[in-house]
Amino acid sequence: MKKTTITRKGQVVIPAEIRKRHNIQPGQKFSVHDLGEEIRLIPVKALSIEEARGWLKTEKQVSKLLAEARNLEEEHAARLRSL
């Protein structure tokens, strides 16, 4: 386990070893999850142009796509809580 300190501005330094292992670059976005006894920082993956190409071509309604995305996010959060 690595330790770090929070600055007066609320900033947290992620140790270099962990940044390298997870390929965390300056400006990387994270989602912050408050799980009661712990706080988790989850890197937000940006889609490349190739991955996003054709993404909006769908026969599904936007509301169904959003519902599916929310379900996936809830499943992911549940898996993280079980760790």
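The opening residue of the sequence shown carries number 8 in my numbering; numbering runs sequentially from there.
Using N, Cα and C, we set each Cβ at its ideal position, and we do this for glycine too.
Do residue i and residue j have their C-beta atoms within less than 8 Å of each other?
i          : j          : result
residue 74 : residue 40 : no
residue 22 : residue 14 : no
residue 42 : residue 88 : yes
residue 27 : residue 51 : no
With a threshold of 8 Å between beta-carbons, can residue i be considered close to chain B, or not?
i          : result
residue 55 : In the structure shown, chain B does not exist; there is a single protein chain.
Spatial neighbours of residue i within its chain, please: CB distance less than 8 Å, with the 5 preceding and 5 following residues excluded, ordered by chain position.
i          : result
residue 9  : 22, 24 and 25
residue 78 : none
Ignore the nearest five residues each way along the sequence and tell me which others in residue i's own chain have a CB closer than 7 Å to its CB.
i          : result
residue 38 : 49 and 51
Item to check | Runs of beta strand (DSSP E) wholly within the region 17-77 (minimum 3 residues, chain order) | outcome: For secondary structure counted as the beta strand (DSSP E) over 3 or more consecutive residues, the region 17-77 holds these complete runs in sequence order: 37-41 and 46-50.
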